[in-house]
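This report refers to the structure that appears directly beneath it.
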Amino acid sequence: MWRLDRLGRSLKDLIAQAEELRTGGVGLKSLKEAIDTDSPTGKLVFHIFGALAEFERALIRERTNAGLQAARARGRLGGRRKRLNPQQRAHAVDLYQERQHTVKEICALMGISRATLYAYVEEFSERP
């Protein structure tokens, strides 16, 4: 394989895959890390590198979550910005509820997709 982290998502997964291959009489050889699991030293290095790869993924996940929480604390929300402001969204929903225009006409008028219109309708129907 090219790299150890390409075989499994976690250390547990990596070890399970390696064990399954070993029981089938297949050894692992990582080209990038120069690890061969047919030797005791190779097995040791395999487990160490697997643990380090899992640790690195956990750190990345932790940093990402911390960044998202910091952004939320500053008032930033994730996702794409809404194309229409609240008044325009309310107007689109009113047009839809009046049943005077087709969905296609409303979407063309407001410059939104059919799915977006239905999302706005659902958003306004959930409000008290």
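Be aware that the sequence shown starts at 1234, since it is given in the working numbering, and climbs by one per residue. We put the CB at the ideal spot given by N, CA and C, even for glycine.
Is residue i buried or exposed, if buried means 16 or more other CB atoms sit within 10 Å of its CB?
{"i": "T1270", "result": "buried"}
{"i": "I1339", "result": "buried"}
{"i": "I1268", "result": "buried"}
{"i": "A1303", "result": "exposed"}
{"i": "L1277", "result": "exposed"}
{"i": "G1283", "result": "buried"}
{"i": "L1310", "result": "exposed"}
{"i": "L1247", "result": "buried"}
Can you list, in chain order, the residues of its chain with a C-beta nearer than 6 Å to that of residue i? Leave out the 5 residues immediately preceding and following it.
{"i": "K1262", "result": "D1269"}
Skipping 5 residues on each side, what residues in its chain have a beta carbon closer than 8 Å to that of residue i?
{"i": "W1235", "result": "S1263, L1264, K1265"}
Do residue i and residue j have their C-beta atoms closer together than 8 Å?
{"i": "A1231", "j": "F1279", "result": "Nothing can be reported for residue 1231: it is not among the residues displayed for the chain, which extend from 1234 to 1361."}
{"i": "T1274", "j": "R1316", "result": "no"}
{"i": "V1354", "j": "R1347", "result": "no"}
Less than 7 Å between C-beta atoms, sequence neighbours within five positions excluded: which residues of the same chain meet that for residue i?
{"i": "L1328", "result": "H1334, I1339"}
What are the partner residues of residue i, as DSSP defines its beta bridges?
{"i": "S1263", "result": "I1268"}
Stretch-stretch touch, CB-based, cutoff 8 Å, three pairs: the stretch 1271-1288 with the stretch 1234-1244: Three or more Cβ pairs closer than 8 Å define a contact, and the stretch 1271-1288 meets that threshold against the stretch 1234-1244.
Any 3 or more C-beta pairs closer than 8 Å across the stretch 1342-1354 and the stretch 1323-1330: By the Cβ criterion, the stretch 1342-1354 is in contact with the stretch 1323-1330, since at least three pairs of Cβ atoms, one from each stretch, lie closer than 8 Å.
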